[in-house]
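Structure record follows, encoded as structure tokens.
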Amino acid sequence: MFPLLSKPRRTAVRKPAPPETRTLDVAGRLMPLTIKQHDRATRITLRIEPGGRALKMTVPKGLAQREVNAFLDRHQGWLLTKLAKFSVDNTLHDGGEILLRGIKHRIEHTGSLRGLTEAVMVGDRHVLKVSGLPEHLGRRIATFLKKEARSDLERLAHFHARSIKAPIKSISMKDTRSRWGSCSSEGNLSFSWRVVMAPPPVIDYLAAHEVAHLKEMNHGPHFWALCEKLCPHMEDAKSWLKRYGSQLHAIDFD
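Residue numbers (the working numbering): 1 to 254.
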């Protein structure tokens, strides 16, 4: 008789600790904070999410709470300085303003439950007329901007793609915060519709940037050379996005 062989024990895989969420008071400004432990982290990192709406912190695994709290206390001044460039109130309202292709438009709620959202000239002022319920104002503006963004970006992307004989499979509009656009190896392009609030040369640059990836799936010298060939004003557009892009992300359409 052979002795019964016991089944080998499975080594339990320890799941990473779930992120901690809390609210941090920065000089009276309440900021959502996510704290994530990471096995490979050797130091604490703190960053402001695009748009200045939230904070994200990465800490070494097992770091004591007192160390986390002490770090946050030491960086109150830094946070205050960085958050100062973001408006505290980023909601949209009747009489407020919204950018469309780099031009400020005064928001005018028409009071009508039905009707199109449209950009018009009233005298010498640019006005965005918005119908529907007042509580849906932001969403109706977002829908309008998505439509305008699709119109601009589809036209520009196809124009640039034809110039380098690169086929586009699809174009989609998204509300991404970590990037302004993307290009897959299959030729699928996606763009953040918020870019339609930027000046036309910036919109053109974003279209050219993603189209250039149809030929160069990297950010090497050949990619940037092609991108600049498609968009000679590339450097100015990049500078604009770097300086003002976070303000576009900060606008709350909900």
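Don't be surprised by glycine CBs; every beta carbon is placed ideally from N, CA and C. Remember, predicted model here, so these are calculated numbers, not experimental data.
Problem set entry | Which of helix, strand or coil DSSP assigns to Ser246 | The count along the sequence shown starts at 1 and reaches residue 246 at position 246. The three-state secondary structure of Ser246, taken from DSSP, is helix.
For this session: Can you say whether Trp193 is buried or exposed, counting buried as having 16 or more other CB atoms within 10 angstroms of its CB?
Result: For this step, residue 193 is matched to residue 193 along the sequence shown. When all chains shown are included, Trp193 counts as buried.
For this session: With DSSP as the reference, please indicate the residues paired to Asp39 in a beta bridge.
Result: The residue given as residue 39 occupies position 39 in the sequence shown. According to the DSSP secondary-structure assignment, Asp39 is paired through a beta bridge with no residue.
Exercise. By DSSP, does Phe86 sit in helix, in strand, or in coil?
Worked result: Mapped onto the sequence shown, residue 86 falls at position 86. Phe86 sits in coil when the DSSP states are folded into three classes, being neither helix nor strand.
Exercise. Which partner residues does Pro32 have in the DSSP bridge list?
Worked result: Along the sequence shown, one-based indexing puts residue 32 at 32. Within the DSSP bridge table, the entry for Pro32 names Thr23 as partners.
Exercise. In three-state terms, what does DSSP make of Ser259?
Worked result: Only positions 1 to 254 of the chain appear in the structure, and residue 259 is not among them; the question remains open.
Problem set entry | Neighbourhood of Leu137 by C-beta distance below 8 angstroms, restricted to the same chain and skipping five residues each side | In the sequence shown, the residue the question calls residue 137 occupies position 137. Here the set comprises Leu92, His93, Asp94, Ile107, His109, Val130.
Exercise. Between the C-alpha atoms of Met217 and Ser246, what's the straight-line distance to the nearest angstrom?
Worked result: Taking the sequence shown and counting its residues from 1, the one referred to as residue 217 is at position 217. Taking the sequence shown and counting its residues from 1, the one referred to as residue 246 is at position 246. Rounded to whole angstroms, Met217 and Ser246 show a C-alpha spacing of 25 angstroms.
Exercise. What's the call for Leu116, buried or exposed, on a 16-neighbour Cβ count within 10 Å?
Worked result: Along the sequence shown, read from residue 1 onward, the residue named residue 116 stands at position 116. By the beta-carbon neighbour count (other beta carbons within 10 angstroms, threshold 16), Leu116 is exposed.
Exercise. For the ligand ZN, is there a heavy atom less than 6 angstroms away from the beta-carbon of Ala27?
Worked result: Annotation note on the ligand ZN: not contained in the displayed structure, which lists no ligands.
For this session: Go ahead and pull the three-state DSSP assignment for Ala119.
Result: Stepping through the sequence shown from its first residue, residue 119 is reached at position 119. Looking at Ala119 - three-state DSSP - the assignment turns out to be strand.
For this session: Please name the residue, chosen from Val59, Thr34, Arg101, that lies closest to Met197 on a Cα-to-Cα basis.
Result: Taking the sequence shown and counting its residues from 1, one reaches residue 197 at position 197. With distances taken between CA atoms, Met197 lies nearest to Arg101 out of Val59, Thr34, Arg101.
Problem set entry | Coarse secondary structure for Glu154, derived from DSSP in three states | The residue labelled residue 154 in the question sits at position 154 within the sequence shown. Helix.
Problem set entry | His126 versus Pro199 - alpha carbon distance | Counting from one through the sequence shown, the residue named residue 126 turns up at place 126. Counting from one through the sequence shown, the residue named residue 199 turns up at place 199. So the two alpha carbons sit approximately 15 angstroms from each other.
Exercise. Does the beta-carbon of Arg243 have 16 or more other beta-carbons within 10 angstroms, so that it is buried, or is it exposed?
Worked result: For this step, residue 243 is matched to residue 243 along the sequence shown. Residue environment: Arg243 is assigned as exposed (fewer than 16 neighbouring CB atoms within 10 Å of its CB, all protein chains considered).
Exercise. Could you give the distance in angstroms between the alpha-carbon of His158 and the alpha-carbon of Cys231?
Worked result: Position 158 of the sequence shown, counted from the start, is the residue given in the question as residue 158. Position 231 of the sequence shown, counted from the start, is the residue given in the question as residue 231. So the alpha carbons of these two residues sit roughly 14 angstroms apart.
Exercise. Assuming Glu210 and Phe191 make a contact with CB atoms under 8 angstroms, what is their CB distance in whole Å?
Worked result: For the purposes of this step, residue 210 is taken as residue 210 along the sequence shown, with counting starting at 1. For the purposes of this step, residue 191 is taken as residue 191 along the sequence shown, with counting starting at 1. Separation of the CB atoms of Glu210 and Phe191 is rounded to 7 angstroms, and the pair is thereby assigned contact status at 8 angstroms.
Exercise. Hey, Cys183 and His219 are a contact pair by Cβ (cut 8 angstroms); roughly how many whole angstroms apart?
Worked result: As a working note, residue 183 is residue 183 in the sequence shown. As a working note, residue 219 is residue 219 in the sequence shown. Contact flag wrong, Cβ pair sits at about 12 angstroms.
For this session: Indicate whether at least one CB of chain D lies closer than 7 angstroms to the CB of Gln76.
Result: Absent here is chain D; the protein component of the structure consists of one chain.
Exercise. Arg74 by DSSP, collapsed to three states: which one?
Worked result: Here the question's residue 74 lines up with position 74 in the sequence shown. Under the three-state reduction of DSSP, Arg74 is assigned to helix.
For this session: Have a look at the DSSP bridge pairing and note the partners of Thr91.
Result: The residue you call residue 91 lines up with position 91 of the sequence shown. Answer is Asp252, bridged to Thr91.
Exercise. Expressed to the nearest angstrom, what Euclidean distance is found between the alpha-carbon atoms of Thr58 and Gln65?
Worked result: In the sequence shown, residue 58 corresponds to position 58, counting from 1. In the sequence shown, residue 65 corresponds to position 65, counting from 1. C-alpha separation (whole angstroms): 13 angstroms.
Exercise. Gly77: buried (16+ other C-beta within 10 angstroms of its C-beta) or exposed?
Worked result: Taking the first residue of the sequence shown as 1, we reach residue 77 at position 77. Classification for Gly77: exposed.
Problem set entry | Boundaries of the beta strand (DSSP E) in which Glu228 is found, first to last residue | Numbered from its first residue, the sequence shown carries residue 228 at position 228. Residue range 221-230 is occupied by the alpha helix (DSSP H) that includes Glu228, with no beta strand (DSSP E) assigned at that position.
For this session: State the DSSP-derived secondary structure class of Leu145, mapped to helix, strand or coil.
Result: Residue 145 sits at position 145 when you count from the first residue of the sequence shown. Looking at Leu145 - three-state DSSP - the assignment turns out to be helix.
For this session: Compute the Euclidean distance between the alpha carbons of Phe2 and Pro18, then round it to the nearest angstrom.
Result: Locating residue 2 in the sequence shown gives position 2, where the first residue counts as 1. Locating residue 18 in the sequence shown gives position 18, where the first residue counts as 1. The predicted position of Phe2 is uncertain, since its pLDDT is 48 and thus under 50; a value taken from the coordinates is nonetheless stated next. Pairing Phe2 with Pro18, the inter-Cα distance amounts to about 46 angstroms.
Exercise. If Ala207 sits next to Leu153, beta carbons under 8 angstroms apart, how far is it from one beta carbon to the other, in whole angstroms?
Worked result: One-based indexing of the sequence shown puts residue 207 at position 207. One-based indexing of the sequence shown puts residue 153 at position 153. The C-beta distance from Ala207 to Leu153 rounds to 5 angstroms, short enough to meet the 8 angstroms contact threshold.
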